[in-house]
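To start, the structure under review is shown below, and the notes come after it.
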Amino acid sequence: MLRAAVRHTRPSAHAQEPEWFTTAPIGALCKLFARTGWQPSDIDYYEINEAFAIVPMAVMREFGLPRARVNAHGGACAIGHPISASGARIVVALLGVLRARGARRGVASLCIGGGEGTALAIELT
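Going by full-length UniProt numbering, the sequence shown opens with residue 1, and the numbers climb by one from there.
See below:
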């Protein structure tokens, strides 16, 4: 019998001026935290897609996140940035980190050209 690995996921999205697309995940994360009631410190690990290296750096600065909890395996700069599959890649990487390290809560986020950002909260069962 198959058992669900994820208790719930809660997506959020944010849009802003296209020239600021690299910071759009910050807006998506703010909405995600409001929706879940979680604080940034409640999250065990983050996967923030590195379409550009500045994206996770901006998120870490905005929320005061320690480097050790963001992109545990190096993110897209180390693993790769598969066009059209980045969302799937970061969610699978996040699930792997959570399981391997005995953690429970994770957040995946990415920026999208045109000024958009998305975020997804995951809690393992």
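Where a beta carbon is used, it is the ideal one built from N, C-alpha and C, also for glycine.
All of these numbers come straight from a predicted model, not from anything done at the bench.
Counting along the chain, the unbroken alpha helix (DSSP H) around I26 starts and ends at 24 to 36. In the structure shown, P56 adopts helical secondary structure according to DSSP, grouped into three states.
Taking 8 Å as the upper bound for CB-CB distance, A119 and L32 are in contact here, some 4 Å apart. Counted as a single uninterrupted DSSP element, the beta strand (DSSP E) harbouring L124 occupies residues 116 to 124.
Taking one beta carbon from each stretch, the segment 5 to 21 and the segment 40 to 48 have fewer than 3 pairs nearer than 8 Å; the two do not touch. The beta carbons of L98 and L65 sit about 16 Å from each other, so the pair does not count as a contact at 8 Å. Put simply, of I112, V59, F63, A72 the residue whose alpha carbon is nearest the alpha carbon of G87 is I112. Only residues of its own chain outside the window of five on either side were considered, and among them S12, A13, H14, S109, G117, T118, A119 have a CB closer than 7 Å to the CB of A28, listed in chain order. For L110, the enclosing beta strand (DSSP E) covers residues 105 to 112.
For I54 and H81, the gap between their C-alpha atoms comes out near 15 Å.
Collapsing the DSSP output to three states places I90 in a helix.
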